[in-house]
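Engineer:
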Amino acid sequence: MARITAGVTTSHVPAIGAAIDQGRTETEYWAPLFAGYDWSKKWIAHERPDVVVLVYNDHASAFSLEVIPTFAIGCADQFEIADEGFGPRPVPPVIGHPDLACHLVESLILDQFDITVVNQMAVDHGLTVPLSLLFGQPDAWPVRVVPVAVNVIQFPPPTGERCYQLGRAIRRAVATYPEDLNVQVWGTGGMSHQLHGPRAGLINRTFDNAYLDDLTSDLDRLRSMAHIEYLREAGSEGIELVMWLVMRGALGDAVTPLHRFYHVPASNTAVGHLVLDATVS
Amino acid sequence: MARITAGVTTSHVPAIGAAIDQGRTETEYWAPLFAGYDWSKKWIAHERPDVVVLVYNDHASAFSLEVIPTFAIGCADQFEIADEGFGPRPVPPVIGHPDLACHLVESLILDQFDITVVNQMAVDHGLTVPLSLLFGQPDAWPVRVVPVAVNVIQFPPPTGERCYQLGRAIRRAVATYPEDLNVQVWGTGGMSHQLHGPRAGLINRTFDNAYLDDLTSDLDRLRSMAHIEYLREAGSEGIELVMWLVMRGALGDAVTPLHRFYHVPASNTAVGHLVLDATVS
Amino acid sequence: MKVHEDLDDIPGTTVFTAARSHLGFHLNQFCMSLMKPENRERFKHDEAAYLAKWPLSEAQRNAVLARDYNEMIAQGGNIYFLAKIFATDGVSFQSAAASMSGMTTEAYAQMMLHGGRSPEGQRSIREGR
Amino acid sequence: MKVHEDLDDIPGTTVFTAARSHLGFHLNQFCMSLMKPENRERFKHDEAAYLAKWPLSEAQRNAVLARDYNEMIAQGGNIYFLAKIFATDGVSFQSAAASMSGMTTEAYAQMMLHGGRSPEGQRSIREGR
Ligand SMILES: [Fe+3]
Ligand SMILES: [Fe+3]
Chain A
2 MARITAGVTT SHVPAIGAAI DQGRTETEYW APLFAGYDWS KKWIAHERPD
52 VVVLVYNDHA SAFSLEVIPT FAIGCADQFE IADEGFGPRP VPPVIGHPDL
102 ACHLVESLIL DQFDITVVNQ MAVDHGLTVP LSLLFGQPDA WPVRVVPVAV
152 NVIQFPPPTG ERCYQLGRAI RRAVATYPED LNVQVWGTGG MSHQLHGPRA
202 GLINRTFDNA YLDDLTSDLD RLRSMAHIEY LREAGSEGIE LVMWLVMRGA
252 LGDAVTPLHR FYHVPASNTA VGHLVLDATV S
Chain B
2 MARITAGVTT SHVPAIGAAI DQGRTETEYW APLFAGYDWS KKWIAHERPD
52 VVVLVYNDHA SAFSLEVIPT FAIGCADQFE IADEGFGPRP VPPVIGHPDL
102 ACHLVESLIL DQFDITVVNQ MAVDHGLTVP LSLLFGQPDA WPVRVVPVAV
152 NVIQFPPPTG ERCYQLGRAI RRAVATYPED LNVQVWGTGG MSHQLHGPRA
202 GLINRTFDNA YLDDLTSDLD RLRSMAHIEY LREAGSEGIE LVMWLVMRGA
252 LGDAVTPLHR FYHVPASNTA VGHLVLDATV S
Chain C
242 MKVHEDLDDI PGTTVFTAAR SHLGFHLNQF CMSLMKPENR ERFKHDEAAY
292 LAKWPLSEAQ RNAVLARDYN EMIAQGGNIY FLAKIFATDG VSFQSAAASM
342 SGMTTEAYAQ MMLHGGRSPE GQRSIREGR
Chain D
242 MKVHEDLDDI PGTTVFTAAR SHLGFHLNQF CMSLMKPENR ERFKHDEAAY
292 LAKWPLSEAQ RNAVLARDYN EMIAQGGNIY FLAKIFATDG VSFQSAAASM
342 SGMTTEAYAQ MMLHGGRSPE GQRSIREGR
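Chains as they are written, first to last, in the working numbering: chain A, 2 to 282; chain B, 2 to 282; chain C, 242 to 370; chain D, 242 to 370.
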């Protein structure tokens, strides 16, 4: 049987992708950020997951305003790299796991989640920057990916509680997949940031660190946090944090924190990163 | 405040649309079918609803296999008529109610439904044939429409229970819309039919009539009916009936049946039609 | 491809699962292209040339050219997508359904007028009901 | 347009609601078109001619030509869509954010290096916190 072994959260700023792609990871500005991922790169090289269920949001790349899915799961063999206005990132295409993805969408819909099934889409920095942070610059990604795209652009995103319950349902579905697979679930986006308007540049260290704490110590507080609190405290784009709760729900009740990192700034954004172990001893 | 006053269910066969568009409603084949809607046409001319929340399924018209939403709600000003392979039906464009639709999608997502928001789409016979059956051939439709598209093409559709709960959530959301609107909810599709393979042409009168009965007398049986029972008993395409449960959920606990009609055949399909009053006395 | 014992137990029926949707993706997307009149004209003008623009398997391509709808369904086609082909041909849904069930259009139409195909014996292969 | 008292109470922030999405539909769809390099070239070659192909309001069109991002947002634009415009211009997200907050790129960059904009006083207009 397939099993979820670990979870990763990380912010996914486009400028991080550009720094990697343009060889600027050692500069004074960027070196402290990338140092925060050194431990995780060694860890994942040892863990060697077969599949990452990668919860991210599309940033007006695959989804225009014509059709805006709340939860979309990608069932394609392969996902091309989106051109976000300055050419596609020079990274390998993302290889899917259509059989697991088909199993997930069927299981989740029967489990009362109103999933949008996607058979073709491009993926943007929301999905590829986390891959680059954990795997560097390989010729091919060493893992297959099931993309789970969450709408956080048009208000309202799904509630934190709904995201958490989706994670729990993903856990139930993975447990009934017959093949023996080592599956990780990643939740990306956040932490505090606002990218528009006079309040652009807002960063809330106190909020962010409490969020990092409570993902393992007071999950109830995060599950019941209303959208307005994210918007007031973490900036309008900080509401991406709800996606971390999908990851957390997928790990089950007991988790062990393995690694934690927090850094300001990456361009306009606070970067938070956690690695959580879900293996039941 | 807006209020849901009545519900309508009806099958939505393309050949019915063709019979109307080509002036064949009085033929020996078609006259008995259209006679079943005479009462309803008079009734709705008297009721004059402001808006119909029209629950239907797209038949590979607006949605290809690229993106398949489980529940999609149309927020556009207007919806063009789809060309299903033989030119668009010669009927007026469908006028939306974007303000109510925006209210519904926001309310429903916060109420834990994973709605796909649609700002542009064409609508096919699943939506226009019910309008033609109730309103005939006007120069402009006398009602605004909020389209609610349900996936019933790729397995699995949402469960009957999930559809029923969506209806209940629509009822809650309509009740908080500030403008005074007379809103009807229609559920289309069904009854028994199978359009493909060696079993094409399957019709199950016993199943259909029990379904028509139990929509008012044993709703629990319909809410808990598994997909496999629809497929075995009502034909593979008969699973469209789950959409009737959205309508039923939206009417509240007590309903009064006003009109009932059942006819076989319309092309490959059994036609069932109900008008239910939701007004609390 | 995922096994669905119940779904595969229904006589003469192919349920369009996520795995079949994956198998038939390009076949069904080709069908969608026939929603535009100019594409219908191009297809009618030279079917093989038009089909060559889509990455179909040989089995899919041959089934389309032969208008073998049961085979198209076996290769991942879905009836609502395939309907764009017979609409382009000017063939009615009832005629197409008749052909899939191995009946003449007339015999099928008569069956429908007499109440349709009975569900008796059509519910389950393994239970014989 | 639907009133959201809480959402409208956040200083310097425009939450992209369904009603704003409806208002800005064509503006944002124009932005999406800039994901293709050939469209970026066409836009750069003659901005007004390119914009004329989209049914924008005059306020939307003028805001694009003036690169007034706050005004584009007031007219229904969303920052992730608008990002395609400044990407086409070769302007970084940080510079664009700086301009929206009325700061120079340098001052904004220094603010970010010193921990970003404080949330104090930026949470609620009516509560003054
Ligand atoms: Fe993001
Ligand atoms: Fe239908």
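Each residue gets a CB set at the ideal place from its N, CA and C atoms; glycine is no exception.
#1: Suppose the cutoff is 7 angstroms on Cβ atoms and the five residues either side in sequence are ignored; what does the same chain contact list for Cys-272/D look like?
#2: In terms of DSSP beta bridges, what is Asn-269/C paired with?
#3: How is the alpha helix (DSSP H) around Thr-207/B delimited, first residue to last?
#4: Between which two residues does the alpha helix (DSSP H) carrying Glu-347/C extend?
#5: Taking 6 angstroms as the limit, name every residue whose beta carbon sits nearer than that to some heavy atom of ligand 2, in sequence order.
#6: What residues in its chain sit with their C-beta under 7 angstroms from that of Phe-35/A, if we drop five residues either side in the sequence?
#7: What's the call for Asp-181/A, buried or exposed, on a 16-neighbour Cβ count within 10 Å?
#8: Name the residue from Arg-367/D, Glu-368/D, Glu-282/D and Phe-334/D whose alpha carbon lies nearest to the alpha carbon of Gly-198/A.
#9: Which chain B residues sit within Cβ distance under 7 angstroms of Arg-163/A?
#10: Is Glu-368/C close to ligand 1? I mean its beta-carbon at under 8 angstroms from any heavy atom of the ligand.
#11: With burial defined as no fewer than 16 other Cβ atoms inside 10 Å of the residue's Cβ, what is the status of Asp-125/B: buried or exposed?
#12: Pull the bridge partners of His-264/A from the DSSP assignment, please.
#13: Are Gln-185/A and Val-9/A touching if we call contact CB-CB under 9 angstroms?
#14: Quick one: is Arg-308/C near chain B, going by C-beta distance under 9 angstroms?
#15: Can you pull the chain B neighbours of Asn-120/A, defined as C-beta to C-beta under 9 angstroms?
#16: Name, please, each residue of chain A whose Cβ falls closer than 7 angstroms to the Cβ of Ala-260/C.
#17: Measure from the C-beta of Ile-229/A to each C-beta in chain B and report whether the shortest distance is under 9 angstroms.
#18: Can you check whether the CB of Gly-273/A is closer than 9 angstroms to the CB of Asn-58/A?
#19: Should Asp-238/A be counted as a contact of ligand 1 given a C-beta to heavy atom distance under 8 angstroms?
#20: Of all the residues that make up the stretch 66 to 96 of chain B, which are near chain A by a beta-carbon distance shorter than 8 angstroms?
#21: Cβ closer than 9 angstroms: which chain D residues qualify as neighbours of Gly-191/A?
#22: Leaving out five residues on either side along the sequence, give the residues of the same chain with a beta carbon under 7 angstroms from the beta carbon of Ala-123/B.
#23: Decide if Ser-262/D is buried, meaning its Cβ has at least 16 other Cβ atoms within 10 Å, or exposed.
#24: How would you write the range of the alpha helix (DSSP H) that Pro-148/B sits in, first residue to last?
#25: Do you know whose CA, among Ala-141/B, Gly-88/B and Leu-135/B, lies nearest Trp-44/B's CA?
#26: Quick check on this structure: which residue in Pro-252/D, Ala-289/D and His-245/D has the alpha carbon closest to the alpha carbon of Ser-359/D?
#27: Report the three-state DSSP secondary structure of Asn-183/A (helix, strand or coil).
#28: Of all the CB atoms in chain A, is at least one closer than 9 angstroms to the CB of Lys-243/C?
#29: Please classify His-98/A: does DSSP put it in a helix, a strand, or coil?
#30: Can the beta-carbon of Pro-148/B be found closer than 9 angstroms to that of Ala-260/D?
#31: Below 6 angstroms CB to CB, which residues in the same chain sit around Pro-50/A once its five sequence neighbours on both sides are set aside?
#32: May I ask you to report which of helix, strand or coil DSSP gives Asp-1/A?
#33: Strictly under 9 angstroms for the Cβ-Cβ distance: is Val-265/A near chain D by that measure?
#34: What residues from chain C crowd round Val-106/A, counting only those whose CB sits closer than 9 angstroms?
#35: Using 8 angstroms as the threshold, is the stretch 238 to 248 of chain B in touch with the stretch 193 to 213 of chain B, meaning 3 or more CB pairs across them?
#36: Please name the residue in Gly-202/B, Trp-142/B and Ala-235/B whose C-alpha comes closest to that of Ser-268/B.
Structural biologist: By the coordinates alone:
#1: One-based indexing of the fourth sequence puts residue 272/D at position 31. Excluding positions up to five away in sequence, the list reads Phe-322, Leu-323, Lys-325 and Ile-326.
#2: For the purposes of this step, residue 269/C is taken as residue 28 along the third sequence, with counting starting at 1. None, per the DSSP bridge assignment.
#3: Taking the first residue of the second sequence as 1, we reach residue 207/B at position 206. Looking at the DSSP string, the run of the alpha helix (DSSP H) that includes Thr-207/B is 206 to 218.
#4: Here residue 347/C refers to the residue found at position 106 when the third sequence is read from its first residue. In the DSSP assignment, Glu-347/C falls within the alpha helix (DSSP H) that extends over 346 to 354.
#5: Matched residues: His-13/B, Asn-58/B, His-60/B, Gly-127/B, Gly-190/B and Glu-241/B.
#6: Here residue 35/A corresponds to residue number 34 of the first sequence, with the count starting at 1. Closer than 7 angstroms at Cβ, skipping near neighbours: Thr-26.
#7: To locate residue 181/A, count along the first sequence from 1; it is residue 180. Asp-181/A comes out exposed.
#8: The residue given as residue 198/A occupies position 197 in the first sequence. With distances taken between Cα atoms, Gly-198/A lies closest to Phe-334/D.
#9: Numbered from its first residue, the first sequence carries residue 163/A at position 162. Those within 7 angstroms of Arg-163/A in chain B are Gln-113.
#10: For the purposes of this step, residue 368/C is identified with residue 127 of the third sequence, where counting begins at 1. Answer for Glu-368/C: no, Cβ out of range of ligand 1.
#11: Numbered from its first residue, the second sequence carries residue 125/B at position 124. In summary, Asp-125/B is buried, with 16 or more beta-carbon neighbours lying within 10 Å of its beta-carbon over all protein chains present.
#12: Along the first sequence, one-based indexing puts residue 264/A at 263. In the DSSP output, where bridge partners are listed per residue, His-264/A has Val-272/A.
#13: Along the first sequence, one-based indexing puts residue 185/A at 184. Along the first sequence, one-based indexing puts residue 9/A at 8. For the pair Gln-185/A and Val-9/A, the CB atoms are nearer than the 9 angstroms cut-off.
#14: Taking the third sequence and counting its residues from 1, the one referred to as residue 308/C is at position 67. No, Arg-308/C does not count as interfacial toward chain B.
#15: Counting from one through the first sequence, the residue named residue 120/A turns up at place 119. The answer, in chain order, is Ser-65, Leu-66, Glu-67, Val-68 and Ile-69.
#16: Position 19 of the third sequence, counting from 1, holds the residue named residue 260/C. In chain order: Cys-103.
#17: Counting from one through the first sequence, the residue named residue 229/A turns up at place 228. Chain B, which has no Cβ nearer than 9 angstroms to the Cβ of Ile-229/A, makes this no.
#18: On the first sequence, position 57 is the one that residue 58/A refers to. On the first sequence, position 272 is the one that residue 273/A refers to. Result no, Cβ atoms of Asn-58/A and Gly-273/A do not sit closer than 9 angstroms.
#19: The residue labelled residue 238/A in the question sits at position 237 within the first sequence. Checking the sequence shown, residue 238/A turns out to be Glu, not Asp. Yes, the beta carbon of Glu-238/A sits closer than 8 angstroms to at least one heavy atom of ligand 1.
#20: Against chain A - using a Cβ distance shorter than 8 angstroms - the residues of the stretch 66 to 96 of chain B are Leu-66, Glu-67, Val-68, Ile-69, Pro-70, Thr-71, Phe-72 and Ala-73.
#21: Here residue 191/A refers to the residue found at position 190 when the first sequence is read from its first residue. Chain-order list of chain D residues neighbouring Gly-191/A: empty, with the shortest C-beta distance near 14 angstroms, by a criterion of under 9 angstroms.
#22: Looking up residue 123/B in the second sequence gives position 122. Excluding sequence positions up to five before and after Ala-123/B, its CB lies within less than 7 angstroms of the CB of Ser-62, Ala-63, Phe-80, Glu-81, Ile-82 and Ala-83, all in the same chain and listed in chain order.
#23: Residue numbering aside, residue 262/D sits at position 21 when the fourth sequence is read from its first letter. Buried, because 16 or more other Cβ atoms sit within 10 Å of the Cβ of Ser-262/D.
#24: Within the second sequence, numbered from 1, the residue matching residue 148/B stands at position 147. Membership of Pro-148/B in any alpha helix (DSSP H) is not indicated; the residue belongs instead to the beta strand (DSSP E) covering 145 to 151.
#25: Here residue 44/B corresponds to residue number 43 of the second sequence, with the count starting at 1. For the residues Ala-141/B, Gly-88/B and Leu-135/B, the minimum Cα distance to Trp-44/B belongs to Leu-135/B.
#26: Your numbering for residue 359/D matches position 118 in the fourth sequence. The residue with the shortest Cα to Cα distance from Ser-359/D is Pro-252/D.
#27: Reading the first sequence from its first residue, position 182 is the one you call residue 183/A. Reduced to three states, the DSSP call for Asn-183/A is strand.
#28: As a position in the third sequence, residue 243/C is number 2, starting the count at 1. For Lys-243/C, the nearest CB of chain A lies under 9 angstroms from its own CB, placing it at the interface with that chain.
#29: Residue mapping note: residue 98/A aligns to position 97 of the first sequence, counting from 1. Here His-98/A sits in coil by DSSP.
#30: As a first step, residue 148/B must be located in the second sequence, where it is residue number 147. As a first step, residue 260/D must be located in the fourth sequence, where it is residue number 19. Contact: no.
#31: Along the first sequence, read from residue 1 onward, the residue named residue 50/A stands at position 49. Result list for Pro-50/A: Val-144, Asn-183 and Gln-185, in chain order.
#32: Here chain A comprises residues numbered 2 to 282, so residue 1/A is not present and cannot be evaluated.
#33: As a first step, residue 265/A must be located in the first sequence, where it is residue number 264. At a cut-off of 9 angstroms between beta-carbon atoms, Val-265/A makes contact with chain D.
#34: For the purposes of this step, residue 106/A is taken as residue 105 along the first sequence, with counting starting at 1. Those within 9 angstroms of Val-106/A in chain C are Ala-259.
#35: Touching, yes, given that three or more Cβ pairs across the two stretches are closer than 8 angstroms.
#36: By one-based count along the second sequence, residue 268/B stands at place 267. Out of Gly-202/B, Trp-142/B and Ala-235/B, the CA that lies nearest to the CA of Ser-268/B is found in Gly-202/B.
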